[in-house]
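Chains A and B, in that order, are what the protein sequence lines are. Here the first sequence is numbered in the numbering used here, starting from 414 and rising by one per residue. Here the second sequence is numbered in the numbering used here, starting from 9 and rising by one per residue. Each residue gets a CB set at the ideal place from its N, CA and C atoms; glycine is no exception. In this text, all values refer to a predicted model and were calculated from it rather than measured experimentally.
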Amino acid sequence: MIEFTADGPFSGSKADPLFPDRVRIIGLGHAGASVCDQLVLHGRPGQDIWVFDTDQQTIEASVVPNRHLLGQNTLHGLGCSGDLDLAREIVRQESGRLAETMRGCDFVILVVALGSSTGMALAEHLTQTGRRSGAKVIAIGVQPFSFEGWARRERSIAAIATLRAECDSVLVLSHDRLEANPSLPRNVRHSFHIMHQLVAQAVQALAQVVCKRGLIQLSFADVRSLYGRYQGTEALENCWVAHVDGDIHDTVEELIEKLFNGPLVADEAVWKLIDHAIVAVSGTRDLGLSDVQEMVSAFQQRLQTDIAIATSASLDDEQHDRVRMTVLLAMTAPIPSSINGKPNVEPAKTQPVPRLIGDTVPLPSLAAKKAKAPVAAKSVTPKAAKAAPQKPAPVKARPAPEIVPTIAIVEETIDEEPVAFPDLGPVADEEPMEDSAPRYIEAKQEEMQFEATRGRFEKTHETIYRGENLDQPTFRRRRLAIQL
Amino acid sequence: MFWGKSRNIIAALEVGSTKVAVAVGEIRPDGTLALLGIGEGPSGQVRKCEIVDFEVAQGCVREALAAAELKTDVVIAEVYLAISGAHLRSSNTRVTTAVQNDGDEITQDDVQEVHDMAAAQPLPVDHAIVHHLLQYYLLDDGSKTDNPIGLASKKLTAHFHQVYGLATRLQTTIRCVKELSIEVKNYALSSYASAQAVLTRHQKQAGAVVINLGGGVSDYIAYQHGAVVHTGVLGVGGDHLTNDIVSGLKIPYAKAELLKKTEGSVILDPNDGDTTITLPGAYNFEERNIYRTSLNTIMQARQAEIFEIILDDLQSAQFWPDFAGTIYLTGGASQVKGLVELGSQVFPCPVELAHQSPFDGDQNYGRRPDLSTLLGLLQYARQAELEVPASRGLARVGQSLKKALASMRVI
Numbered sequence: 414m415i416e417f418t419a420d421g422p423f424s425g426s427k428a429d430p431l432f433p434d435r436v437r438i439i440g441l442g443h444a445g446a447s448v449c450d451q452l453v454l455h456g457r458p459g460q461d462i463w464v465f466d467t468d469q470q471t472i473e474a475s476v477v478p479n480r481h482l483l484g485q486n487t488l489h490g491l492g493c494s495g496d497l498d499l500a501r502e503i504v505r506q507e508s509g510r511l512a513e514t515m516r517g518c519d520f521v522i523l524v525v526a527l528g529s530s531t532g533m534a535l536a537e538h539l540t541q542t543g544r545r546s547g548a549k550v551i552a553i554g555v556q557p558f559s560f561e562g563w564a565r566r567e568r569s570i571a572a573i574a575t576l577r578a579e580c581d582s583v584l585v586l587s588h589d590r591l592e593a594n595p596s597l598p599r600n601v602r603h604s605f606h607i608m609h610q611l612v613a614q615a616v617q618a619l620a621q622v623v624c625k626r627g628l629i630q631l632s633f634a635d636v637r638s639l640y641g642r643y644q645g646t647e648a649l650e651n652c653w654v655a656h657v658d659g660d661i662h663d664t665v666e667e668l669i670e671k672l673f674n675g676p677l678v679a680d681e682a683v684w685k686l687i688d689h690a691i692v693a694v695s696g697t698r699d700l701g702l703s704d705v706q707e708m709v710s711a712f713q714q715r716l717q718t719d720i721a722i723a724t725s726a727s728l729d730d731e732q733h734d735r736v737r738m739t740v741l742l743a744m745t746a747p748i749p750s751s752i753n754g755k756p757n758v759e760p761a762k763t764q765p766v767p768r769l770i771g772d773t774v775p776l777p778s779l780a781a782k783k784a785k786a787p788v789a790a791k792s793v794t795p796k797a798a799k800a801a802p803q804k805p806a807p808v809k810a811r812p813a814p815e816i817v818p819t820i821a822i823v824e825e826t827i828d829e830e831p832v833a834f835p836d837l838g839p840v841a842d843e844e845p846m847e848d849s850a851p852r853y854i855e856a857k858q859e860e861m862q863f864e865a866t867r868g869r870f871e872k873t874h875e876t877i878y879r880g881e882n883l884d885q886p887t888f889r890r891r892r893l894a895i896q897l
Numbered sequence: 009m010f011w012g013k014s015r016n017i018i019a020a021l022e023v024g025s026t027k028v029a030v031a032v033g034e035i036r037p038d039g040t041l042a043l044l045g046i047g048e049g050p051s052g053q054v055r056k057c058e059i060v061d062f063e064v065a066q067g068c069v070r071e072a073l074a075a076a077e078l079k080t081d082v083v084i085a086e087v088y089l090a091i092s093g094a095h096l097r098s099s100n101t102r103v104t105t106a107v108q109n110d111g112d113e114i115t116q117d118d119v120q121e122v123h124d125m126a127a128a129q130p131l132p133v134d135h136a137i138v139h140h141l142l143q144y145y146l147l148d149d150g151s152k153t154d155n156p157i158g159l160a161s162k163k164l165t166a167h168f169h170q171v172y173g174l175a176t177r178l179q180t181t182i183r184c185v186k187e188l189s190i191e192v193k194n195y196a197l198s199s200y201a202s203a204q205a206v207l208t209r210h211q212k213q214a215g216a217v218v219i220n221l222g223g224g225v226s227d228y229i230a231y232q233h234g235a236v237v238h239t240g241v242l243g244v245g246g247d248h249l250t251n252d253i254v255s256g257l258k259i260p261y262a263k264a265e266l267l268k269k270t271e272g273s274v275i276l277d278p279n280d281g282d283t284t285i286t287l288p289g290a291y292n293f294e295e296r297n298i299y300r301t302s303l304n305t306i307m308q309a310r311q312a313e314i315f316e317i318i319l320d321d322l323q324s325a326q327f328w329p330d331f332a333g334t335i336y337l338t339g340g341a342s343q344v345k346g347l348v349e350l351g352s353q354v355f356p357c358p359v360e361l362a363h364q365s366p367f368d369g370d371q372n373y374g375r376r377p378d379l380s381t382l383l384g385l386l387q388y389a390r391q392a393e394l395e396v397p398a399s400r401g402l403a404r405v406g407q408s409l410k411k412a413l414a415s416m417r418v419i
């Protein structure tokens with residue numbers, strides 16, 4: 414009897430593992446192990462996940478099959494207790510074992526708590542090893558809470574500088590975002606758990622993007638164009654994650670509402686910092702291109718600012734009637750951190766950003782359709798078109814947005830019925846734009862962007878202090894008004 | 009013999025971001041120092057005390073040496089060099105050796121051994137030692153001493169403050185001088201040299217921090233109980249104030265420098281209001297009025313930042329909680345108006361302008377804070393010369409010949 418198995422972009426993880434030796438996810442230290450646990454428990458099966466730590470309790474408690482205790486002879490499984498020099502020494506001793514970690518993979522995603530000892534020592538080492546072996550290295554790290562102390566914060570800033578100097582892309586999240594969200598329970602353990610879940614979802618989305626499999630492909634270039642721009646500590650936090658895991662019967666509005674209520678993005682100040690987004694959608698075979706388009710359009714309409722969006726979509730048969738949408742938000746404009754090292758949480762003006770990211774191309778048909786008729790609230794599937802309460806959107810829908818989701822079109826042929834774009838109809842509170850009417854752009858006076866010039870010191874070595882370039886005028890960095 | 013009557017001439021050279029200066033002094037037979045004169049000239053292509061253009065900088069050094077020789081009528085064959093730059097780092101270290109003499113008596117050999125051990129302390133890759141300055145010796149019973157020879161102890165511990173920097177950058181400055189056939193006899197950290205000029209032994213004992221505000225860098229040194237406990241170099245100086253004025257007020261660099269020196273203040277006066285300063289026009293510069301508040305805001309922001317960073321570094325040092333001394337400001341950029349007032353606002357201790365210790369000889373330079381490093385370096389050179397036993401016989405002949413050849417720029 415011949416057994417037929419699905420292949421191509423519609424294959425499930427059983428027939429074709431999602432990341433066959435291409436994308437390796439490595440959790441470093443306690444936080445990295447916790448994130449990887451989330452990936453094993455709630456992520457896609459078949460992922461190549463490794464965990465390293467010097468603490469025996471962490472390793473024993475982890476559910477990741479590939480877990481390794483380092484420095485057992487020296488530390489006896491007690492960890493490095495925050496001693497970075499000790500951790501580096503242990504890593505040096507274990508370099509032989511660690512060298513095996515990087516073999517045979519094209520992309521490495523390192524998950525680490527910034528400011529930790531074992532995690533950072535390992536990250537430094539594995540980044541160099543990975544680059545030597547030709548792999549692209551993406552690091553995703555979380556800054557400690559402010560209340561954890563100045564020393565830890567300083568170490569985390571130094572860690573960001575180190576990682577950005579070595580890695581291809583560095584995603585920095587901040588624990589303080591959770592603290593700023595009043596709706597979250599004030600439970601430290603729960604807060605850490607939420608953050609680990611979010612980081613796991615970010616890692617999942619990253620893996621989906623860089624592996625270039627699925628319906629709508631992005632690539633590593635997209636990730637690097639967003640998170641590989643900073644070379645030092647000119648800006649600290651540069652990544653925010655929003656995730657929604659819904660039933661395919663949920664309406665798009667409900668999904669987007671959940672997405673915007675995410676713990677890291679509930680603060681409105683965040684949206685003023687963001688200038689790019691990667692939307693990663695995954696679902697079962699029933700997920701259609703129109704569904705993806707609706708979700709992205711609805712997401713875009715809820716935004717308060719114009720940001721460039723790139724979309725990736727993939728199929729996962731393991732998700733029974735589920736649809737997942739993860740949004741990786743990025744800040745790419747330079748925002749100097751304050752002199753006292755506080756996180757760059759203040760809203761700041763961002764520079765104009767390119768509309769396209771990486772190797773993505775705009776989808777003209779979508780753009781034309783949107784210009785004609787903005788998307789109304791629709792369910793993910795037609796059968797879910799039943800009465801969904803229309804919630805008032807907090808932000809007024811914009812008329813015919815000039816930015817459309819930039820979607821990379823897959824080259825593979827889709828063996829399904831051709832996707833028809835639904836007739837979405839006009840939005841009630843918007844007046845249709847007449848083609849003949851002249852379009853006026855309102856002139857707007859804005860503050861000139863900070864010109865990063867060092868004047869007389871242009872040819873010298875930069876003097877950097879806590880992420881600030883001291884060669885640049887102090888009054889500019891502190892935004893003092895000078896009357897001419 | 010002709011070399012027996014030769015004068016003991018010493019020269020100190022500072023290659024700064026603003027100027028290159030050479031001081032020439034004479035050590036008299038009684039050991040006192042007399043300043044013969046100073047040759048100086050503007051420095052070119054030196055930024056933050058690091059040479060940007062080697063040939064231009066070397067030309068400036070050559071001119072300054074020539075000016076000093078002309079003024080003092082001596083031939084300079086060797087110099088003591090002031091070293092600075094943001095690449096310099098420092099740390100406190102200690103070394104211990106076992107005393108194995110009869111009666112556990114500490115001898116000169118034991119002292120030499122701890123000094124050799126300190127010199128052999130590992131440094132970061134590509135770094136070279138500039139100083140290892142003795143803080144104190146520690147004996148078995150916990151007592152501290154400056155001279156342990158003759159005392160009894162089973163082990164001898166010496167605490168040092170070591171200063172080191174990137175070997176390549178140190179070498180560039182030294183090579184710049186040596187290629188002019190001038191021997192670099194020794195070198196000293198700029199802030200250490202400045203401290204020799206402005207601090208008395210009593211002040212060092214009571215506790216003092218000297219902040220030398222130069223053109224390209226601000227270097228500082230802290231003394232407690234007579235020993236150096238902390239040093240640092242911040243790659244920001246008076247040039248940054250000028251650069252900020254250029255950037256903020258959109259005026260040429262020379263005019264900004266003049267404005268800073270003549271009109272600028274680092275203290276904001278609420279009475280300034282809308283008062284303006286008129287910049288006279290030139291053939292390629294139209295007359296302009298500058299708001300005094302704008303000028304002072306720019307300068308105050310930069311200078312306060314410099315002080316805040318230095319304070320931050322001092323507070324992170326181990327000595328700071330027990331520090332009860334005074335902060336002394338010196339260097340060319342310390343001539344800015346309102347500096348002491350601003351320093352008093354930032355630092356939680358008394359702040360004063362430093363005054364140079366009196367010296368013999370040419371008195372034209374005694375009140376110039378921008379020469380404190382140079383004059384301090386001369387003091388350092390004098391001390392070093394007195395500590396080294398005078399060479400005799402053939403060695404002395406060799407030295408005289410070397411000087412003679414150097415005067416002809418043969419070697």
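Checklist entry - Any idea which residues DSSP pairs Ala214 of chain B with across the strands? => result According to DSSP, Ala214 of chain B bridges with nothing at all.
Item to check | Under 7 Å from the C-beta of Arg310 of chain B: neighbouring residues of chain A | outcome: In chain order: Thr887.
Checklist entry - Shortest alpha-carbon distance to Met744 of chain A belongs to which of A:Arg869, A:Thr876, A:Thr873, A:Leu586? => result The residue with the shortest Cα to Cα distance from Met744 of chain A is A:Leu586.
Next on the checklist: Rounding to the nearest angstrom, what Cα-Cα distance links Leu350 of chain B and Thr646 of chain A in this structure?
Outcome noted: Between the alpha carbons of Leu350 of chain B and Thr646 of chain A lies a gap of roughly 29 Å.
Item to check | Through-space distance from Gly492 of chain A to Thr697 of chain A, alpha-carbon basis | outcome: Roughly 42 Å between the two C-alpha positions.
Next on the checklist: Whole angstroms are fine: how far does the CA of Leu319 of chain B sit from the CA of Ala693 of chain A?
Outcome noted: When rounded, the distance between both Cα atoms is 48 Å.
Item to check | Residues that DSSP places opposite Met738 of chain A in a beta bridge | outcome: For Met738 of chain A, which the question treats as bridged, DSSP gives the partners A:Val657, A:Val694.
Checklist entry - Around the C-beta of Ser302 of chain B, are 16 or more other C-beta atoms found within 10 angstroms, so that it is buried, or is it exposed? => result Counting other Cβ atoms within 10 Å of its Cβ, Ser302 of chain B reaches 16 or more and is therefore classed as buried.
Checklist entry - Tyr388 of chain B: which of B:Gln211, B:Ile253, B:Gln66, B:Ala201 sits nearest, CA to CA? => result Answer by Cα proximity: B:Ala201.
Checklist entry - Do Leu188 of chain B and Gln53 of chain B have their C-beta atoms closer together than 9 Å? => result No, these two residues do not count as a Cβ contact at 9 Å.
Checklist entry - Expressed to the nearest angstrom, what Euclidean distance is found between the alpha-carbon atoms of Arg390 of chain B and Thr153 of chain B? => result Rounded to the nearest angstrom, the two C-alpha atoms are 25 Å apart.
Item to check | Separation of Cys357 of chain B from Ile275 of chain B, as counted between CA atoms | outcome: Their Cα atoms are separated by approximately 18 Å.
Checklist entry - Using a C-beta cutoff of 9 Å, does Ile306 of chain B count as contacting chain A? => result Closer than 9 Å to some Cβ of chain A, the Cβ of Ile306 of chain B qualifies, so yes.
Item to check | Ranges of the beta strand (DSSP E) found wholly within the region 299 to 354 of chain B, counting only runs of at least 3 | outcome: Runs of the beta strand (DSSP E) inside the region 299 to 354 of chain B: 334 to 338.
Checklist entry - Exposed or buried, what is Glu666 of chain A when buried is set at 16 or more other beta-carbons lying within 10 Å of its beta-carbon? => result Around the Cβ of Glu666 of chain A, a 10 Å sphere holds 16 or more other Cβ atoms; the residue is buried.
Item to check | Sequence-distant residues of the same chain with beta carbon closer than 7 Å to Gly223 of chain B, five excluded per side | outcome: Hits under 7 Å: Gly24, Ser25, Thr26, Gly245, Gly246, Asp247, Gly340, Ala341.
Item to check | CB-CB length for Phe355 of chain B against Gln232 of chain B, believed under 8 Å | outcome: 16 Å between Cβ atoms; not a contact.
Checklist entry - Would you call Pro288 of chain B buried or exposed, if buried means 16 or more other Cβ atoms sit within 10 Å of its Cβ? => result Exposed, since its Cβ has fewer than 16 Cβ neighbours within 10 Å.
Next on the checklist: Which of the three DSSP states is assigned to Leu483 of chain A in this structure?
Outcome noted: Of the three classes helix, strand and coil, the one that applies to Leu483 of chain A here is coil, per DSSP.
Checklist entry - Just by C-beta distance, which residues in the region 560 to 572 of chain A are closer than 9 Å to chain B? => result Those would be none; no residue qualifies.
Checklist entry - Which same chain residues, not among the five before or five after Glu265 of chain B, have their C-beta less than 6 Å away from its C-beta? => result Excluding sequence neighbours, Glu265 of chain B sits near Thr250.
Next on the checklist: Give me, in chain order, the residues of the same chain whose beta-carbon lies closer than 7 Å to that of Gly39 of chain B; leave out the 5 immediate sequence neighbours on both sides.
Outcome noted: For Gly39 of chain B, where only same-chain residues beyond five positions count, the Cβ hits under 7 Å are Leu394.
Next on the checklist: Do Tyr145 of chain B and Thr165 of chain B have their beta-carbon atoms positioned less than 9 Å apart in this structure?
Outcome noted: Going by C-beta atoms, Thr165 of chain B is nearer than 9 Å to Tyr145 of chain B.
Next on the checklist: So, for Asp282 of chain B: in the same chain, excluding its five sequence neighbours on each side, which residues have a beta-carbon less than 8 Å away from its beta-carbon?
Outcome noted: The residues are Tyr299, Thr301.
Next on the checklist: Quick check: what's the CA-CA separation for Val396 of chain B versus Val236 of chain B?
Outcome noted: The alpha-carbon atoms of Val396 of chain B and Val236 of chain B are separated by roughly 22 Å.
Checklist entry - So does the region 203 to 217 of chain B actually touch the region 95 to 104 of chain B, counting three or more Cβ pairs closer than 8 Å? => result Result no; under three Cβ-Cβ pairs closer than 8 Å.
Checklist entry - Skipping 5 residues on each side, what residues in its chain have a beta carbon closer than 6 Å to that of Asp842 of chain A? => result Low local confidence applies: a pLDDT of 41 at Asp842 of chain A is under 50, so the model's placement there is unreliable, with the coordinate-based value given in what follows. Nothing listed; no residue qualifies.
Checklist entry - Who are the neighbours of Ile447 of chain B on chain A, taking C-beta pairs under 7 Å? => result Because chain B in this structure spans residues 9 to 419, residue 447 of chain B falls outside the shown range and cannot be described.
Next on the checklist: Suppose the cutoff is 7 Å on Cβ atoms and the five residues either side in sequence are ignored; what does the same chain contact list for Thr575 of chain A look like?
Outcome noted: If we look at Thr575 of chain A and ignore the five residues flanking it on each side, its Cβ neighbours are Glu537.
Checklist entry - So is His588 of chain A buried or exposed if we call it buried at 16+ other beta carbons inside 10 Å? => result Result: buried.
Next on the checklist: For Gln896 of chain A, list the residues DSSP reports as bridge partners.
Outcome noted: According to DSSP, which records beta bridges pairwise, Gln896 of chain A is partnered with nothing at all.
Next on the checklist: At the level of alpha carbons, what is the spacing between Thr819 of chain A and Leu741 of chain A?
Outcome noted: Since pLDDT at Thr819 of chain A reaches only 34, below the 50 mark, its modelled position is unreliable, and the value read off the structure follows with that caveat. Rounded to whole angstroms, the gap between the alpha carbons of Thr819 of chain A and Leu741 of chain A is 15 Å.
Item to check | Assigned exposure category for Asp110 of chain B - 16 Cβ within 10 Å defines buried | outcome: Asp110 of chain B counts as exposed, since fewer than 16 other C-beta atoms from the protein chains shown sit within 10 angstroms of its C-beta.
Checklist entry - Is the Cβ of Leu897 of chain A closer than 9 Å to any Cβ of chain B? => result True, the Cβ-Cβ gap to chain B drops below 9 Å.
Checklist entry - Can you name the residues of chain A whose CB is closer than 8 Å to the CB of Ser198 of chain B? => result From the beta-carbon of Ser198 of chain B, no residue of chain A is found nearer than 8 Å; the closest lies around 17 Å away.
Checklist entry - Looking at C-alpha atoms only, which residue of A:Leu639, A:Val623, A:Ser638, A:Tyr640 is the closest neighbour of Ser632 of chain A? => result When only C-alpha atoms are compared, the closest one is A:Val623.
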